[in-house]
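K.L.:
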Amino acid sequence: MIQLEAVTDPLSQESLEIQASILNSQPEFNLMVEHKSYLEPLELQEENRKNLAMGEKMLYIKFRDRVAGLLTYLPDYGPDHYPWIGLLVIHRQYSRQGLGNAAVHELERKFQQQGTQAVRLAVQLENKAGEMFWTLNGYGRIRSATDNHGNQVDVYEKRFG
Numbered sequence: 247m248i249q250l251e252a253v254t255d256p257l258s259q260e261s262l263e264i265q266a267s268i269l270n271s272q273p274e275f276n277l278m279v280e281h282k283s284y285l286e287p288l289e290l291q292e293e294n295r296k297n298l299a300m301g302e303k304m305l306y307i308k309f310r311d312r313v314a315g316l317l318t319y320l321p322d323y324g325p326d327h328y329p330w331i332g333l334l335v336i337h338r339q340y341s342r343q344g345l346g347n348a349a350v351h352e353l354e355r356k357f358q359q360q361g362t363q364a365v366r367l368a369v370q371l372e373n374k375a376g377e378m379f380w381t382l383n384g385y386g387r388i389r390s391a392t393d394n395h396g397n398q399v400d401v402y403e404k405r406f407g
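So for the sequence shown, my numbering puts the first residue at 247; every next one is plus one.
1) Rounded to the nearest angstrom, what separates I388 and V335 at their Cα positions?
2) Are F260 and K308 touching if we call contact CB-CB under 8 Å?
3) Specify, as a first and last residue, the run of the alpha helix (DSSP H) that P273 falls within.
4) Considering only their Cβ atoms, is the gap separating Y402 from L367 smaller than 8 Å?
5) How many Å lie between L201 and T318 at the Cα?
6) Throw me the rounded Cβ distance for the R338 and Q291 pair, which I believe falls under 8 Å.
7) Beta-carbon separation of V365 and E377 under 8 Å?
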C-alpha cells in the first residue's frame, strides 16, 4: 500500500519544496506547532539543520509512486535512549485513506526488527485529532512536557513485545 523512502537530502531545494507542500496542506497543524499557517521552504531548512544535527531521519510516505506524506524520527534520543517519532503529516489530498496508520505500522515494524522495546512521541495539547490517532494506534500518555517550540505537549509511548 505505502512505501517509506529515506529522504537522501532533506536540505535540497526540491526536498524543501515537497516538505513545504505537505505541511502547508495542513495549516491547522502548522498553527499548533509553529504558530503560523504557512511555512516557507527556507524556514524548514533551518529546522532541518538542527534536527539532522541531532540524528533525525526523514522519510517520504509514498503512495502509488507519489509523495503523500512525511515522517521523521530520532533513532536514539540521547536523554532517554528511546527512538522518538518527530513528525507524521499526510498531505491533505491523501488524508483519511489510512496512510498514516500504514506508515506508523511500517516504522514500528522496523523498530521491532532492530530490537527496540518502545517508541515515544509528543502531541501538542490542543491537537485532539493527533491524540486520538496515536491512542488508537496503541500509544499511551506517560507525562507532560514542553517541546522545542515552547508548546505544552503530552508524551506518548508504545511498548513492544
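We put the beta carbon where it would ideally sit given N, CA and C, even for glycine. Note that the coordinates shown come from a computational prediction; the quantities given were computed from them, not determined experimentally.
P.N.:
Let me lay it out:
1) Locating residue 388 in the sequence shown gives position 142, counting from the first residue. Locating residue 335 in the sequence shown gives position 89, counting from the first residue. Using only the alpha carbons, I get a separation of about 22 Å.
2) Taking the sequence shown and counting its residues from 1, one reaches residue 260 at position 14. Taking the sequence shown and counting its residues from 1, one reaches residue 308 at position 62. One point to set straight first is that residue 260 is Glu, not Phe, in the sequence displayed. Cβ distance not < 8 Å, so E260 and K308 don't count as in contact.
3) Within the sequence shown, numbered from 1, the residue matching residue 273 stands at position 27. Note, P273: alpha helix (DSSP H), 273-280.
4) Locating residue 367 in the sequence shown gives position 121, where the first residue counts as 1. Locating residue 402 in the sequence shown gives position 156, where the first residue counts as 1. Yes. Within cutoff.
5) Summary: the structure shown does not reach residue 201, with the chain confined to residues 247 through 407, and so no result is reported for it.
6) Position 92 of the sequence shown holds residue 338. Position 45 of the sequence shown holds residue 291. With a Cβ gap of about 23 Å, R338 and Q291 do not count as contacting.
7) Within the sequence shown, numbered from 1, the residue matching residue 365 stands at position 119. Within the sequence shown, numbered from 1, the residue matching residue 377 stands at position 131. The answer is no: Cβ separation not under 8 Å.
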